[in-house]
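Chains as they are written, first to last, in my numbering: chain A, 1 to 47; chain B, 1001 to 1396.
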């Protein structure tokens, strides 16, 4: 389909997706591989 | 905290930085602007959908069983705030009465590991993580070595240790690293003059020089170990923490050490701390943690409220705390305290109705003095500042 043949609905949809992308929170770090272990769960160990 | 809670529920946090908000979820960290929040500070529905789509709510599946073992309840130090003291020392100040003595033996190690095998099978876990704990675990070095060596047949993948380091030699560090030790937590009680008044030997005398020298030598002998340097903060040492950071950075390799700061709490034995969770302490914590990053210490990224695998996941499902005599407690805080036993490694956990009143979680017994809300606000402010700084310096 030529560019001029893109329907108004498709343009609106693309613009909405682009706007959503711009509005999306910026993920700065993933931590899926981390596991909470007893020594780093915030415990107040004084030994 | 209840004993029958089985799901490891992470709780997301939204905290306010200088220029943006931070979302901390089980799956990671995101920057938010005002438009991502609804009135009242909650996450706007669309922002939540976007964060979910990007995996920020995804909890990593539990893969290993976390076993904390007290190799001995004895300790060579006499710190006045220790949660294993049963009272203050009314005499010299360096010999507070402690929990009853017990020492891990070879036959007990068999019972402990067989208990772990049963628990791991029940939870369908094949990997084992062990925390060497005490007392001072290195008062029983043979117990530490034997436990880790024999745990290799039970799926041991790695081990950690909480130690005061006064007894650690490069040889022991190398041996334990070869057996799987990968992280060690040690506590400092301020710059040397303060530390040596607080973190004292039961026989008398300070420990700062010994700890730093042992840390430097052990980290050279076992470079695979990451050292977590906990800095206790109270009105007794707050003025010296800046100096402590400089002292430590000059004495050890910061690249193998994390530093974190914690206000000392009172576990009910009357240890007073005049440092309050106020704006002044927030400013100090922020300054210290930024300086630690600048000095090259490993930065620990703040995260969502993360449940402890040992005490916040139901009765022993993902971990356990075992005293040297084979008794079980729900949490490291109550280990070795007779009124808090919830079972034994040979008999297993007692029925839920018998232990529900004894099942406490990390820090449940601490009496902070401040309102809980002030404590939460304190940690949010400190964590937001660290995220701001890590982001601004390209370290996130």
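We put the beta carbon where it would ideally sit given N, CA and C, even for glycine.
Report task. Please state whether DSSP places residue 1253 of chain B in a helix, a strand or coil. Result -> Coil at residue 1253 of chain B, not helix or strand.
Query raised in the report: On the three-pair Cβ rule with 8 angstroms, is the region 1090–1097 of chain B touching the region 1180–1187 of chain B?
Result: no
Query raised in the report: Ordered along the chain, which non-local residues of its own chain (more than five positions away) have a Cβ less than 6 angstroms from that of residue 1018 of chain B?
Result: Closer than 6 angstroms at Cβ, skipping near neighbours: 1388.
Report task. State yes or no: is the beta carbon of residue 1042 of chain B nearer than 8 angstroms to at least one beta carbon in chain A? Result -> no
Requested in this report: Please decide whether residue 31 of chain A counts as near chain B, where near means a Cβ-Cβ distance under 8 angstroms.
Outcome: So, interface residue.
**Report entry** Under 7 angstroms (Cβ pairs) to chain A, residues found in the region 1293–1322 of chain B
**Finding:** 1301, 1303, 1306, 1307, 1308, 1309, 1310, 1319
Query raised in the report: Would you say residue 1143 of chain B and residue 1158 of chain B are within 8 angstroms of each other, going by their C-beta atoms?
Result: no
Query raised in the report: I think residue 1326 of chain B touches residue 1103 of chain B, with their Cβ atoms under 8 angstroms apart; what is that distance to the nearest whole Å?
Result: Not a contact, Cβ separation roughly 11 angstroms.
Query raised in the report: In whole angstroms, what is the alpha-carbon distance linking residue 1223 of chain B and residue 1035 of chain B?
Result: Rounded to the nearest whole angstrom, the CA to CA distance from residue 1223 of chain B to residue 1035 of chain B is 46 angstroms.
Requested in this report: Find out if the Cβ-Cβ distance for the pair residue 1020 of chain B, residue 1013 of chain B is shorter than 8 angstroms.
Outcome: no
**Report entry** Within chain A, partners of residue 1188 of chain B - CB distance below 8 angstroms
**Finding:** By Cβ distance, chain A contributes nothing, its closest Cβ being about 11 angstroms from residue 1188 of chain B, past 8 angstroms.
Query raised in the report: Does the beta-carbon distance from residue 1112 of chain B to residue 1345 of chain B come in below 8 angstroms?
Result: A contact, by the Cβ cut-off of 8 angstroms.
Query raised in the report: Going straight from the alpha carbon of residue 38 of chain A to that of residue 1055 of chain B, what length do you get?
Result: Reliability of the predicted coordinates at residue 38 of chain A is poor, the pLDDT of 45 falling under 50, and the value obtained from them is presented with this limitation in mind. For residue 38 of chain A and residue 1055 of chain B, the distance between alpha carbons rounds to 24 angstroms.
Query raised in the report: How should residue 1203 of chain B be labelled, buried or exposed, when 16 other C-beta atoms within 10 angstroms of its C-beta is the threshold for buried?
Result: exposed
Query raised in the report: Taking the C-alpha atoms as reference points, what is the distance between residue 1272 of chain B and residue 1234 of chain B?
Result: If I take the Cα positions, the gap works out to 9 angstroms.
Requested in this report: Taking 8 angstroms as the threshold, find out whether the region 1302–1322 of chain B comes into contact with the region 1279–1286 of chain B through three or more Cβ pairs.
Outcome: no
Query - Residue burial classification, residue 1246 of chain B (beta-carbon count within 10 angstroms, cutoff 16) - result: exposed
Query raised in the report: Are the C-beta of residue 1235 of chain B and some C-beta of chain A separated by less than 8 angstroms?
Result: no
**Report entry** Neighbour list for residue 1036 of chain B in chain A, Cβ cutoff strictly below 7 angstroms
**Finding:** The answer, in chain order, is 25.
Query raised in the report: Should the region 1303–1319 of chain B be regarded as contacting the region 1058–1070 of chain B, the criterion being three or more beta carbon pairs within less than 8 angstroms?
Result: Taking a contact to require three or more Cβ pairs closer than 8 angstroms, the region 1303–1319 of chain B and the region 1058–1070 of chain B qualify as touching.
Query raised in the report: Can you tell which of B:1359, B:1207, B:1052 has the C-alpha that lies nearest to the C-alpha of residue 1330 of chain B?
Result: B:1359
Query raised in the report: Do you know whose CA, among B:1138, B:1315, B:1146, lies nearest residue 1214 of chain B's CA?
Result: B:1138
**Report entry** residue 1077 of chain B: first and last residue of the uninterrupted alpha helix (DSSP H) it sits in
**Finding:** No alpha helix (DSSP H) holds residue 1077 of chain B; DSSP gives it neither H nor E.
Query raised in the report: What's the call for residue 1002 of chain B, buried or exposed, on a 16-neighbour Cβ count within 10 Å?
Result: At residue 1002 of chain B, the pLDDT of 40 sits below 50, so the modelled position is not reliable and the matter cannot be decided from this model.
Query raised in the report: Got a sec: is the Cβ-Cβ distance from residue 1212 of chain B to anything in chain A below 8 angstroms?
Result: no
Report task. Spatial neighbours of residue 1249 of chain B within its chain, please: CB distance less than 6 angstroms, with the 5 preceding and 5 following residues excluded, ordered by chain position. Result -> 1295
Query raised in the report: If you draw a straight line from the alpha carbon of residue 36 of chain A to that of residue 1309 of chain B, how long is it in whole angstroms?
Result: Legend: pLDDT at residue 36 of chain A = 47, less than 50; position of this residue unreliable, value from coordinates given subsequently. Taking the straight line joining both Cα atoms gives about 7 angstroms.
Query raised in the report: residue 1375 of chain B to residue 1382 of chain B, Cα distance in whole Å?
Result: Taking the straight line joining both Cα atoms gives about 11 angstroms.
Query raised in the report: What does a CB cutoff of less than 7 angstroms around residue 1099 of chain B pick up in its chain, not counting 5 residues either side in sequence?
Result: 1073, 1084, 1086, 1336, 1337
Report task. Would you kindly work out how many angstroms separate the C-alpha atoms of residue 1147 of chain B and residue 1300 of chain B, rounded to a whole number? Result -> So the two alpha carbons sit approximately 29 angstroms from each other.
Requested in this report: Could you confirm whether any beta carbon from chain A is found closer than 8 angstroms to the beta carbon of residue 1055 of chain B?
Outcome: yes
Query - residue 1351 of chain B burial status per 10 Å Cβ neighbour count (16 or more: buried) - result: exposed
Query raised in the report: residue 1195 of chain B touches chain A at which residues, Cβ-Cβ below 7 angstroms?
Result: Residues of chain A passing the Cβ test: none, with the nearest at roughly 13 angstroms.
Query raised in the report: Going by other Cβ atoms of all chains shown within 10 Å of its Cβ, with 16 needed for buried, is residue 1106 of chain B buried or exposed?
Result: It counts as exposed.
**Report entry** Outcome for residue 1339 of chain B when other beta-carbon atoms lying within 10 angstroms are tallied against a minimum of 16
**Finding:** exposed
Query raised in the report: Going straight from the alpha carbon of residue 1236 of chain B to that of residue 1194 of chain B, what length do you get?
Result: 7 angstroms
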